[in-house]
Amino acid sequence: MNNKIKNFFTPAKILAIISIFCAALIAVSFFSDKLVSPLREAVSFVVIPLQRGVNGLGIGVVKSEEKRKTIEELQSYSSELEEKVASLEAQNEQLKKDNKELDDLKKLYDMDQSLADYPKVGATIIGISSQNWNESFIIDKGSQDGMEEDMNVISADGLVGIITEVHGNYSKVMTVVSDNSYVTAMDEATKDQCTVKGDISLFDKGKIRLERMKVDSKVKEGDRIVTSGISSKYLPGILIGYANEIKEDETGMSRSGYLVPAVDFDHLQNVLVITKKKQTTD
Amino acid sequence: MKRKLCELGIIILFYLLQVSLCRVIAIGGVAPNLMIVLPVLFGYFNGSKEGMYVGFCSGIMYDLFFTDLLGFTALMFTLIGFFSGMLSNRYEEGNFVIPILLTAGGVLFYEFFVFIGNFLLQNRLILPFFMTRVILPEIVYTVIAMLVLYKPLQLLNKVFDSRKRKVKDIDETIL
Numbered sequence: 001m002n003n004k005i006k007n008f009f010t011p012a013k014i015l016a017i018i019s020i021f022c023a024a025l026i027a028v029s030f031f032s033d034k035l036v037s038p039l040r041e042a043v044s045f046v047v048i049p050l051q052r053g054v055n056g057l058g059i060g061v062v063k064s065e066e067k068r069k070t071i072e073e074l075q076s077y078s079s080e081l082e083e084k085v086a087s088l089e090a091q092n093e094q095l096k097k098d099n100k101e102l103d104d105l106k107k108l109y110d111m112d113q114s115l116a117d118y119p120k121v122g123a124t125i126i127g128i129s130s131q132n133w134n135e136s137f138i139i140d141k142g143s144q145d146g147m148e149e150d151m152n153v154i155s156a157d158g159l160v161g162i163i164t165e166v167h168g169n170y171s172k173v174m175t176v177v178s179d180n181s182y183v184t185a186m187d188e189a190t191k192d193q194c195t196v197k198g199d200i201s202l203f204d205k206g207k208i209r210l211e212r213m214k215v216d217s218k219v220k221e222g223d224r225i226v227t228s229g230i231s232s233k234y235l236p237g238i239l240i241g242y243a244n245e246i247k248e249d250e251t252g253m254s255r256s257g258y259l260v261p262a263v264d265f266d267h268l269q270n271v272l273v274i275t276k277k278k279q280t281t282d
Numbered sequence: 283m284k285r286k287l288c289e290l291g292i293i294i295l296f297y298l299l300q301v302s303l304c305r306v307i308a309i310g311g312v313a314p315n316l317m318i319v320l321p322v323l324f325g326y327f328n329g330s331k332e333g334m335y336v337g338f339c340s341g342i343m344y345d346l347f348f349t350d351l352l353g354f355t356a357l358m359f360t361l362i363g364f365f366s367g368m369l370s371n372r373y374e375e376g377n378f379v380i381p382i383l384l385t386a387g388g389v390l391f392y393e394f395f396v397f398i399g400n401f402l403l404q405n406r407l408i409l410p411f412f413m414t415r416v417i418l419p420e421i422v423y424t425v426i427a428m429l430v431l432y433k434p435l436q437l438l439n440k441v442f443d444s445r446k447r448k449v450k451d452i453d454e455t456i457l
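Protein chains in written order, with the working numbering: chain A, 1 to 282; chain B, 283 to 457.
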C-alpha cells in the first residue's frame, strides 16, 4: 500500500500539486490577508524571538568596528567635549529664554503641534528585506505593543517611512527610498508643494525623486523638504531631506529634481514610531 | 521525518542569516540570496522531491516576511528545486559546474519574474538598469555564497543521510 502511494507521487505530480496550491495561495493573498495571517502569526511566533537574538550578530559586526577607537583619540575627544559643554551650557541658557518666547508665539499661531509633541515609541530593526530593490525592514514591535498600520516611522534625523503591515510581535516598515514609496511634501521655507518618490534607478546616487513642483515654485538647492499637511498618511512637518538639482521639466509645465534623504538608511538601527496617526477619529 | 525537520531548521537558520548578516556583507546595496541556495543544493544532492520540499518551505518563509504575495516565491523556489533535482543523477562530489549554473539560472529566473511583477506590469521599463545593477551582481554574489556554503551543506546532507541511506537507495531505483 505504502509503495503504491509512493509510486503515484512522482516528482512531476508533486510539482503539479504544489504549483496549484501556490497559485491558490497567491490568489487568496492577493485579495485578502485573513486566510494566511494565522500561518504568519504561527511562524513569526517562532522566528521573531530568534531574530531578535540573531540581530545582534549582524549589527554587532558593524558595532565592534566602531568600538576600535584608541584611548588617546578618546582622551583628546573628551577634553574637546568639556570645552564644548561649557559653551553649550551658556548657549542653552539663552535658548531657554528664546524657547519660552517661541512657545508663547506658537500658541498665538496655534502651531503647538510640532514633532516633539507627538507620542513616540522606540523600536529596533530586527530584519531587513532580502529583496535587493526594495528597501523595507522589520521592527520588533507589533500589534501587542500598540502598533497600527500607517503609523509614521522616524529617526533622530528625519522621516524613515511608514508601517505597512502589522502582526502580533513584529511590523513591516516601508522606507521613503523604497521604489514604491510616494510622499506628498513641501518646502519648509516657501511652502511650495511637491511629491517625493522613491526610485530604484537612483540607488547609487543616494537620492530619490522630487517631483510635481509648480513651474513658479521657488524651491532652491539645499532647501529643507518636509511632509505636507495635504498628505493623507504622513503627519505634517517631518523632515524628509534636502532638495538637490532642481530643474524645469522639458514640458515647461513643472519643475522637478532630486532629494537627498536626511536619514542615513545604511546605518539605521533604532527608529521611533509615532503612535498618533494622521486620521484620528476623535 | 527527522530529516525533514532538520531541513526546516536549516531553512530557519538561513532565513536568520539572510535578514541579519546579509545586509552587513552587502556590497553596493546588493546582498546574496541565501534562501535560493537551499533548493538548488538540496535538489542537486537528493533529487526533485527533496528540492521541491526545501524550495517550498524556504519560499514560504521568504514570502511571509518579504513579499506581499504569499505563494509567489514558494512557487518559484519549488520550480528551482524541481529542476535542480532533475540534475541530481549527475551529482558528483567536487563538481561545481552544475551547481554554479543552477544557482545562476535560479537567481536569474526568480529575479526576472520579480521584475515582471513589480516593474514591467507597472510600465516601468528599466530592464537594462535592473539587469546590470540588481540581477547580475546578485547572481555573482549568490554564486560565491553558494560555493562557500557548498561543503557545509554537503556535510550536513551526509549526516542526515547516514540513517536513511538504505531506504533512499530503494527510492531511487523506483524513480
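The beta carbon of each residue, even a glycine, is placed where N, CA and C say it ideally should be.
Rounded straight-line distance, which links the Cα of residue j to that of residue i
i, j, result
"D112 (chain A)", "L105 (chain A)", "Low confidence applies to D112 (chain A): its pLDDT is 43, below 50, so where it sits in the model is not reliable, and the reading given next is rough at best. Computed Cα separation, rounded: 9 Å."
"G161 (chain A)", "V183 (chain A)", "9 Å"
"Y258 (chain A)", "D249 (chain A)", "12 Å"
"G127 (chain A)", "V166 (chain A)", "14 Å"
"L437 (chain B)", "F327 (chain B)", "11 Å"
"Y514 (chain B)", "R285 (chain B)", "Not covered by the structure: residue 514 (chain B). The range shown for chain B is 283 to 457."
"Q75 (chain A)", "L202 (chain A)", "41 Å"
"F137 (chain A)", "E72 (chain A)", "38 Å"
"R255 (chain A)", "M174 (chain A)", "26 Å"
"F9 (chain A)", "S37 (chain A)", "30 Å"
"V219 (chain A)", "E245 (chain A)", "10 Å"
"E292 (chain A)", "A243 (chain A)", "Not covered by the structure: residue 292 (chain A). The range shown for chain A is 1 to 282."
Partner residues on chain A for residue i, Cβ-Cβ distance less than 8 Å
i, result
"Y297 (chain B)", "V47"
"I294 (chain B)", "V46, V47, L50"
"L357 (chain B)", "I18, S19, C22, A23, I26"
"G399 (chain B)", "In chain order: nothing, as chain A lies at least about 10 Å away."
Partners in chain B for residue i, counting only beta-carbon separations shorter than 7 Å
i, result
"E129 (chain A)", "Rather than Glu, the amino acid found at residue 129 (chain A) in this sequence is Ser. Result: F348."
"V36 (chain A)", "L352"
"R209 (chain A)", "Neighbours of R209 (chain A) on chain B: none; closest Cβ ~13 Å, over 7 Å."
"V226 (chain A)", "Chain B residues near V226 (chain A): none, gap ~26 Å exceeds 7 Å."
Partners in chain B for residue i, counting only beta-carbon separations shorter than 9 Å
i, result
"Q269 (chain A)", "The premise fails here: Q269 (chain A) is roughly 11 Å from chain B at the closest Cβ pair, so nothing lies under 9 Å."
"P11 (chain A)", "G329, S330, K331, G333, M334, F364, G367, M368, L457"
"R40 (chain A)", "L346, F347, L352"
Same chain, Cβ closer than 7 Å to residue i, neighbours up to 5 away in sequence not counted
i, result
"V339 (chain A)", "This structure cannot settle anything about residue 339 (chain A), because the visible part of chain A is limited to 1 through 282."
"A427 (chain B)", "P314, L316, V319"
"S29 (chain A)", "V36"
Partners in chain B for residue i, counting only beta-carbon separations shorter than 8 Å
i, result
"L15 (chain A)", "S330, M334, T360, L361, F364"
"I138 (chain A)", "V301, F347"
"Q51 (chain A)", "L298, V301, S302"
"R212 (chain A)", "Neighbours of R212 (chain A) on chain B: none; closest Cβ ~18 Å, over 8 Å."
Sequence-distant residues of its chain with Cβ nearer than 8 Å to residue i (five each side left out)
i, result
"G252 (chain A)", "V215"
"F364 (chain B)", "G325, S330, G333, M334, G337"
"R305 (chain B)", "A313"
"F378 (chain B)", "L429, Y432"
Closest Cα partner of residue i within the set the options
i, options, result
"L323 (chain B)", "B:V312, B:V336, B:P314", "B:V336"
"E148 (chain A)", "A:A16, A:K278, A:F8", "A:K278"
"E176 (chain A)", "A:E221, A:S32, A:Y234", "Rather than Glu, the amino acid found at residue 176 (chain A) in this sequence is Val. Per the Cα distances, A:Y234."
"T190 (chain A)", "A:E221, A:S181, A:V47", "A:E221"
"D192 (chain A)", "A:K4, A:D264, A:E211, A:L25", "A:E211"
"D199 (chain A)", "A:D223, A:V260, A:G142", "A:V260"
"V47 (chain A)", "A:Y170, A:D157, A:I26, A:A86", "A:Y170"
"L15 (chain A)", "B:M283, B:T360, B:F397", "B:T360"
Contacts around residue i, its chain only, beta-carbon distance under 6 Å, and the 5 residues preceding and following it disregarded
i, result
"V271 (chain A)", "A123, V153, S155, V160"
"E393 (chain B)", "I417"
"T164 (chain A)", "K172, M174"
"C22 (chain A)", "none"
"S231 (chain A)", "T184"
Chain A residues whose Cβ lies nearer than 9 Å to that of residue i
i, result
"F338 (chain B)", "I18, F21, C22"
"G291 (chain B)", "Chain A residues near G291 (chain B): none, gap ~11 Å exceeds 9 Å."
Cutoff 8 Å: residue i Cβ touching any chain D Cβ
i, result
"V54 (chain A)", "As a matter of chain content, chain D is missing from the structure shown, whose protein chains are A and B."
Give the residues from the stretch 19 to 31 of chain A that approach chain B closer than 9 Å (Cβ to any Cβ), ordered along the chain. S19, F21, C22, A23, A24, L25, I26, A27, V28, S29, F30
With 9 Å as the C-beta to C-beta threshold (strictly closer), list the residues of the stretch 173 to 202 of chain A near chain B in chain order. D179, N180, I200, S201
Proximal residues, the stretch 409 to 424 of chain B versus chain A, C-beta separation under 9 Å: F411, F412, R415, V416, I417, P419, E420
Which of the residues in the stretch 365 to 391 of chain B, read from start to end, lie with their CB under 7 Å from any CB of chain A? G367
Positions along the stretch 245 to 273 of chain A whose CB lies within less than 9 Å of some CB in chain B: D266
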